[in-house]
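Engineer: Mapping of the sequence shown onto the UniProt record's numbering: position 95 corresponds to residue 95, and the numbering continues sequentially without gaps.
The beta-carbon is built from N, C-alpha and C at its ideal position, and this holds for glycine as well.
Since the model is a prediction, treat every value here as computed from it, not as a measurement.
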Amino acid sequence: MAVPVDPSGIDAALAERLAAASARAARLQLMVFDVDGVLTDGRLHYGPDGEEIKTFDTLDGHGVKLLRSAGVQTAIITGRSSKIVASRAKELGFDHVFQGVHDKTVVFAELLSKTGIAAADTGYMGDDWPDLAVMLKAGFAAAPANAHIELARRAHYVAQARGGRGAVREVCDLILRARGYYDALLEHACGVS
1 MAVPVDPSGI
11 DAALAERLAA
21 ASARAARLQL
31 MVFDVDGVLT
41 DGRLHYGPDG
51 EEIKTFDTLD
61 GHGVKLLRSA
71 GVQTAIITGR
81 SSKIVASRAK
91 ELGFDHVFQG
101 VHDKTVVFAE
111 LLSKTGIAAA
121 DTGYMGDDWP
131 DLAVMLKAGF
141 AAAPANAHIE
151 LARRAHYVAQ
161 ARGGRGAVRE
171 VCDLILRARG
181 YYDALLEHAC
191 GVS
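Printed below as a string of structure tokens:
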């Protein structure tokens, strides 16, 4: 479940960390996501014929769509290759999709070059060691609650939700709030605008 980011009622150190993460998120023009452990819960399921089965959270998917509607480009950089990921990425309208990536930093640099967006204006959400180098290069680094401890220590924002269970939506909501789009999008969803 996505958790709204509201600094009231939290201690000063946490509020300061949230404010710093929000300041970084406010700059974002591009948000990049890993798949396994971020957009999914990280578990791998195989059918009887060896086909890979992944589960995605609809809250996360809608968060990605909301980001795109607010003008933030979205991308996937993942080490595995899957038709399911290609299908889900197309369904959500991801701007850039890179699968079967062995060195995520190389692809990240190519993505920045292709888009003309600076690393400082790019966010990355990952959950395990293959994501570390890219997270350290991005202007905003996020991790799900169940990320490896080394990523959680280095992330600007660690979601309260787990990967594949609303963590992406939580980060998308943080970005939308930081960029000033959240309230207008919510009003539109309520039929107010």
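Out of curiosity, what's the CA-to-CA distance linking Ala20 and His156?
Structural biologist: Walking along the sequence shown from the start, residue 20 turns up at place 20. Walking along the sequence shown from the start, residue 156 turns up at place 156. Distance between the alpha carbons of Ala20 and His156 is about 8 Å.
Engineer: For Glu187, count neighbouring C-beta atoms within 10 Å of its own C-beta (all shown protein chains included) and say buried if the count is 16 or more, exposed if not.
Structural biologist: Residue mapping note: residue 187 aligns to position 187 of the sequence shown, counting from 1. Result: exposed.
Engineer: Where do the ends of the alpha helix (DSSP H) carrying Ile149 lie?
Structural biologist: Locating residue 149 in the sequence shown gives position 149, where the first residue counts as 1. Looking at the DSSP string, the run of the alpha helix (DSSP H) that includes Ile149 is Ile149 to Arg154.
Engineer: Is the CB-CB distance between Ala89 and Val97 below 7 Å?
Structural biologist: Locating residue 89 in the sequence shown gives position 89, counting from the first residue. Locating residue 97 in the sequence shown gives position 97, counting from the first residue. Yes, Cβ-Cβ distance for Ala89 and Val97 is below 7 Å.
Engineer: Alpha carbon to alpha carbon, what distance is there between Glu170 and Met1?
Structural biologist: Stepping through the sequence shown from its first residue, residue 1 is reached at position 1. Stepping through the sequence shown from its first residue, residue 170 is reached at position 170. Because Met1 carries a pLDDT of 43, less than 50, the predicted location of this residue cannot be relied on, and the following value inherits that uncertainty. Computed Cα separation, rounded: 8 Å.
Engineer: What are the residues that DSSP puts in a beta bridge with His45?
Structural biologist: Indexing the sequence shown from 1 puts residue 45 at position 45. For His45, which the question treats as bridged, DSSP gives the partners Ile53.
Engineer: Please return the same chain residues whose Cβ sits closer than 8 Å to the Cβ of Leu185, not counting the five positions on each side in sequence.
Structural biologist: To locate residue 185, count along the sequence shown from 1; it is residue 185. If we look at Leu185 and ignore the five residues flanking it on each side, its Cβ neighbours are Leu66, Ser69, Ala70 and Leu176.
Engineer: Where DSSP assigns a beta bridge to Ala143, which residues make up the other side?
Structural biologist: As a position in the sequence shown, residue 143 is number 143, starting the count at 1. Looking at the DSSP assignment, Ala143 forms a beta bridge with Val158.
Engineer: Got a sec, what are the start and stop residues for the beta strand (DSSP E) His96 sits in?
Structural biologist: Position 96 of the sequence shown, counted from the first residue, corresponds to residue 96. Where His96 is concerned, the enclosing beta strand (DSSP E) stretches over His96 to Phe98.
Engineer: Over the uninterrupted alpha helix (DSSP H) stretch that includes Leu176, give me the two end residues.
Structural biologist: If you number the sequence shown from 1, residue 176 lands on position 176. Counting along the chain, the alpha helix (DSSP H) containing Leu176 begins and ends at Ala167 to Ala178.
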